[in-house]
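Peer 1: Protein chains in written order, with our numbering: chain A, 1 to 162; chain B, 163 to 448.
#1: Roughly how many whole angstroms lie between the Cα atoms of residue 448 of chain B and residue 442 of chain B?
#2: I want to know whether the segment 310-317 of chain B touches the segment 203-216 of chain B - three or more CB-CB distances under 8 Å.
#3: Apart from the five residues on each side of it in sequence, which residues of its chain come closer than 7 Å, Cβ to Cβ, to residue 113 of chain A?
#4: Would you say residue 206 of chain B faces chain A, with C-beta separation under 8 Å as the test?
#5: Any beta-carbon of chain B closer than 8 Å to the one on residue 1 of chain A?
#6: Excluding sequence positions up to five away, which residues of its chain have a Cβ less than 7 Å from the Cβ of residue 37 of chain A?
#7: Below 7 Å between beta carbons is the criterion; list the residues of the segment 346-364 of chain B that meet it against any residue of chain A, in chain order.
#8: Mind pulling the alpha helix (DSSP H) runs of 4 or more residues that sit fully within the segment 183-239 of chain B?
#9: Rounded to whole angstroms, how far is the Cβ of residue 324 of chain B from the Cβ of residue 186 of chain B, which I believe are closer than 8 Å?
#10: Here's the rule I'm using: 16 or more other beta-carbon atoms within 10 Å means buried, otherwise exposed. How should residue 421 of chain B be labelled?
#11: Along chain A, which residues have their Cβ under 7 Å away from the Cβ of residue 167 of chain B?
#12: When you compare the CB of residue 448 of chain B with every CB in chain A, is at least one pair closer than 8 Å?
#13: Within 10 Å of its beta-carbon, does residue 61 of chain A have 16 or more other beta-carbons around it, so buried, or fewer, so exposed?
#14: What are the start and end residues of the beta strand (DSSP E) that includes residue 164 of chain A?
#15: DSSP beta-bridge partners for residue 319 of chain B?
#16: Which whole runs of the beta strand (DSSP E) in the segment 272-345 of chain B are 3 residues long or more, in chain order?
#17: I'd like to know if residue 129 of chain A contacts chain B, where contact means its C-beta is closer than 8 Å to some C-beta of that chain.
#18: With a threshold of 8 Å between beta carbons, is residue 236 of chain B in contact with chain A?
#19: Just tell me which of B:316, B:282, B:274 and B:342 has its CA closest to the CA of residue 292 of chain B.
#20: Where do the N-terminal and C-terminal ends of the beta strand (DSSP E) with residue 17 of chain A fall, by residue?
#21: Can you name the start and end residues of the alpha helix (DSSP H) that residue 149 of chain A belongs to?
#22: Note down, in chain order, all residues in the segment 255-270 of chain B with a beta-carbon under 8 Å from any beta-carbon belonging to chain A.
#23: When we look at the beta-carbon of residue 74 of chain A and count the other beta-carbons within 10 Å, is it buried (16 or more) or exposed?
#24: CB residue 226 of chain B to CB residue 242 of chain B, shorter than 8 Å?
#25: Using the C-alpha atoms, what's the distance from residue 104 of chain A back to residue 135 of chain A?
#26: Out of A:92, A:97 and A:9, which one is the CA nearest neighbour of residue 56 of chain A?
#27: Using a Cβ cut-off of 7 Å, pull out every chain B residue sitting near residue 83 of chain A, in sequence order please.
#28: Around the C-beta of residue 5 of chain A, are 16 or more other C-beta atoms found within 10 angstroms, so that it is buried, or is it exposed?
#29: Assuming contact is defined by CB atoms lying nearer than 8 Å, are residue 333 of chain B and residue 254 of chain B in contact in what I supplied?
#30: Give the interface partners of residue 428 of chain B over in chain A, defined as CB-CB distance under 9 Å, in chain order.
#31: So which residues on chain A does residue 202 of chain B lean against when the C-beta distance must stay under 7 Å?
#32: According to the neighbour-count rule (16 or more other Cβ atoms, all chains shown, within 10 Å of its Cβ), is residue 412 of chain B buried or exposed?
#33: First and last residue of the beta strand (DSSP E) that includes residue 167 of chain B?
#34: Return helix, strand or coil for residue 409 of chain B, following the three-state DSSP convention.
#35: Can you have a look at residue 244 of chain B and say buried or exposed, based on whether 16 or more other CB atoms are within 10 angstroms of its CB?
#36: At least one CB of chain A closer than 8 Å to the CB of residue 213 of chain B: is that the case?
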């Protein structure tokens with residue numbers, strides 16, 4: 001079992017650490033760095049509760065080794081808010097009651113944050129399709145989709161300077 | 163997860179050297195969107211895992227002889243969005259854009275899908291319909307090319323030897339005026355599909371020639387449905403539609419019974435999926 005020295009940016013902060021080869025990025029974030037907003041649940045890559053951004057793309061941190069993130073930039077839910085201001089998707093999830101128990105919420109927020117960036121004109125049908133990689137076992141999907149559409153609308157408004 | 167050693171080569175040459183050194187004890191890790199799960203379940207337990215994400219030369223998309231050469235580490239995301247893929251292999255672009263969720267598409271790779279050889283893999287099935295070829299290298303530099311037809315040999319089994327690296331996937335220029343179909347069936351959008359169908363039809367002087375019908379989920383591995391291809395060969399459009407309605411060409415299908423359904427029911431679903439896919443290519447209103 002090999003040990004590796006990794007150096008990566010997590011939420012804008014340089015982190016250097018020794019990790020075992022088989023350490024998942026998710027477990028590294030939670031157990032080494034204490035960033036427990038990233039969740040783990042299904043253990044087979046289906047639930048999306050461990051979603052994070054890797055170099056600006058949303059990925060499941062249970063399907064990536066920590067050693068593979070060496071030299072890359074990772075953003076977790078703890079890094080989504082900027083300067084004390086919630087990210088538009090976080091604000092929209094609150095305003096639309098887009099969560100119940102809240103366990104899946106960080107994963108949804110990370111996926112949604114990329115979606116509104118990449119598809120600002122997203123409509124209701126595409127919104128449902130775009131969220132298939134995240135599972136909510138309280139089944140609060142209607143309000144989560146509403147939050148996504150609301151956040152996309154806000155982001156468009158901000159871009160238009162409104 | 164059982165402990166292993168990890169190596170992250172940055173070139174094909176380094177990768178081949180590592181394969182030589184570790185032999186059958188090494189497993190190659192591409193995008194990891196299937197293999198990470200198998201590692202965790204203990205179904206794959208290598209002594210050394212060789213991660214390929216830093217081998218940039220495996221991620222290229224190039225024009226080749228009127229067709230396309232796709233590096234094995236091209237992600238689904240790239241394959242779905244690259245204009246060259248859209249122009250020269252639109253079926254590959256569509257299949258890549260349909261796999262899993264955005265998370266999976268961001269890391270999962272075309273070559274990984276080929277080597278994983280899921281019985282209902284989207285990319286393997288589409289590559290069969292397009293007569294793709296697979297280019298590999300072995301330690302010492304020996305190169306080999308496999309037609310994708312015959313490459314899949316069993317459940318999650320391919321013709322690759324231990325120590326052989328899939329470098330690229332060749333997609334030949336498709337016949338002039340060819341039409342294509344691709345469909346997948348899953349209970350829930352974004353799930354592993356239960357079945358995938360892909361076809362290519364080319365018209366020559368009012369008759370079909372070189373028809374390809376490929377199916378995933380119809381047996382232990384993705385394969386061409388030859389009985390149907392033979393009926394389509396030389397057929398007019400009406401004859402092709404008639405052939406697709408008969409039962410005989412579908413009797414060879416042997417879907418694996420599992421939690422989603424028994425063999426007989428699955429055969430009905432797979433048959434209907436193939437008929438609709440063919441209907442798309444024939445320009446029949448679904």
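Cβ atoms here follow ideal geometry from the backbone N, Cα and C, with glycine treated the same way.
Peer 2: Walking through what the data contain:
#1: Your numbering for residue 448 of chain B matches position 286 in the second chain. Your numbering for residue 442 of chain B matches position 280 in the second chain. Residue confidence is low: residue 448 of chain B scores 38 on pLDDT, short of 50, so the model does not pin down where it sits. Its coordinate-derived value is still stated next. Approximately 7 Å, taken between the alpha carbons.
#2: no
#3: For the purposes of this step, residue 113 of chain A is identified with residue 113 of the first chain, where counting begins at 1. Excluding residues within five positions, the ones whose Cβ falls inside 7 Å are 80, 87 and 89.
#4: Working through the second chain from its first residue, we reach residue 206 of chain B at position 44. So no, residue 206 of chain B is outside the interface.
#5: Here residue 1 of chain A is taken as the residue at index 1 of the first chain, counted from 1. Judged by the 8 Å Cβ criterion, residue 1 of chain A is in contact with chain B.
#6: Within the first chain, numbered from 1, the residue matching residue 37 of chain A stands at position 37. Once the five neighbours on either side are set aside, the close Cβ partners of residue 37 of chain A are 76, 77, 78 and 106.
#7: 351 and 352
#8: The segment 183-239 of chain B contains, as complete alpha helix (DSSP H) runs of 4+ residues, the segments 197-203 (chain order).
#9: Taking the second chain and counting its residues from 1, one reaches residue 324 of chain B at position 162. Taking the second chain and counting its residues from 1, one reaches residue 186 of chain B at position 24. Residue 324 of chain B to residue 186 of chain B, Cβ: 4 Å. Contact.
#10: Here residue 421 of chain B refers to the residue found at position 259 when the second chain is read from its first residue. Exposed.
#11: What you label residue 167 of chain B is simply residue 5 of the second chain in a count that begins at 1. In chain order: 1, 2 and 21.
#12: Numbered from 1 along the second chain, position 286 holds the residue referred to as residue 448 of chain B. Any reading at residue 448 of chain B must be qualified, since the residue scores a pLDDT of 38, below 50, and its modelled position is unreliable; the value itself is stated next. Judged by the 8 Å Cβ criterion, residue 448 of chain B is not in contact with chain A.
#13: By one-based count along the first chain, residue 61 of chain A stands at place 61. Counting C-beta atoms within 10 angstroms of its own C-beta, residue 61 of chain A has 16 or more neighbours from the protein chains shown and is therefore classed as buried.
#14: Examination of residue 164 of chain A is not possible in this model, given that chain A is present from 1 through 162 alone.
#15: As a first step, residue 319 of chain B must be located in the second chain, where it is residue number 157. BP columns for residue 319 of chain B point to B:316.
#16: Qualifying beta strand (DSSP E) stretches, in chain order: 295-299, 305-309, 314-316 and 327-333.
#17: As a first step, residue 129 of chain A must be located in the first chain, where it is residue number 129. Residue 129 of chain A counts as touching chain B.
#18: By one-based count along the second chain, residue 236 of chain B stands at place 74. No, residue 236 of chain B does not count as interfacial toward chain A.
#19: Indexing the second chain from 1 puts residue 292 of chain B at position 130. With distances taken between Cα atoms, residue 292 of chain B lies closest to B:342.
#20: Start at 1 with the first residue of the first chain, and residue 17 of chain A comes out as number 17. From DSSP, the beta strand (DSSP E) with residue 17 of chain A extends over 13-20.
#21: Reading the first chain from its first residue, position 149 is the one you call residue 149 of chain A. It spans 141-159 - the alpha helix (DSSP H) in which residue 149 of chain A sits, taken as one unbroken run.
#22: 262, 263, 264, 265, 266, 268 and 269
#23: Along the first chain, read from residue 1 onward, the residue named residue 74 of chain A stands at position 74. Buried.
#24: In the second chain, the residue the question calls residue 226 of chain B occupies position 64. In the second chain, the residue the question calls residue 242 of chain B occupies position 80. No, the Cβ-Cβ distance between residue 226 of chain B and residue 242 of chain B is not below 8 Å.
#25: Within the first chain, the letter at position 135 stands for residue 135 of chain A. Within the first chain, the letter at position 104 stands for residue 104 of chain A. Approximately 7 Å, taken between the alpha carbons.
#26: Translated into positions along the first chain, residue 56 of chain A becomes position 56. Among A:92, A:97 and A:9, the Cα nearest to that of residue 56 of chain A belongs to A:9.
#27: By one-based count along the first chain, residue 83 of chain A stands at place 83. What residue 83 of chain A touches in chain B: nothing, since even the nearest Cβ is about 27 Å away.
#28: As a working mapping, residue 5 of chain A is identified with position 5 in the first chain. It counts as exposed.
#29: In the second chain, residue 333 of chain B corresponds to position 171, counting from 1. In the second chain, residue 254 of chain B corresponds to position 92, counting from 1. Closer than 8 Å, so yes.
#30: Residue mapping note: residue 428 of chain B aligns to position 266 of the second chain, counting from 1. One finds nothing in chain A with a Cβ atom closer than 9 Å to the Cβ of residue 428 of chain B; even the nearest lies about 21 Å away.
#31: Residue mapping note: residue 202 of chain B aligns to position 40 of the second chain, counting from 1. Result: 43.
#32: Position 250 of the second chain, counted from the start, is the residue given in the question as residue 412 of chain B. Under this definition residue 412 of chain B is a buried residue.
#33: Within the second chain, numbered from 1, the residue matching residue 167 of chain B stands at position 5. For residue 167 of chain B, the enclosing beta strand (DSSP E) has its first and last residue at 167-169.
#34: Position 247 of the second chain, counted from the first residue, corresponds to residue 409 of chain B. In the displayed model, residue 409 of chain B falls within coil according to three-state DSSP, outside both helix and strand.
#35: As a position in the second chain, residue 244 of chain B is number 82, starting the count at 1. Label assigned to residue 244 of chain B: buried.
#36: The residue given as residue 213 of chain B occupies position 51 in the second chain. Judged by the 8 Å Cβ criterion, residue 213 of chain B is in contact with chain A.
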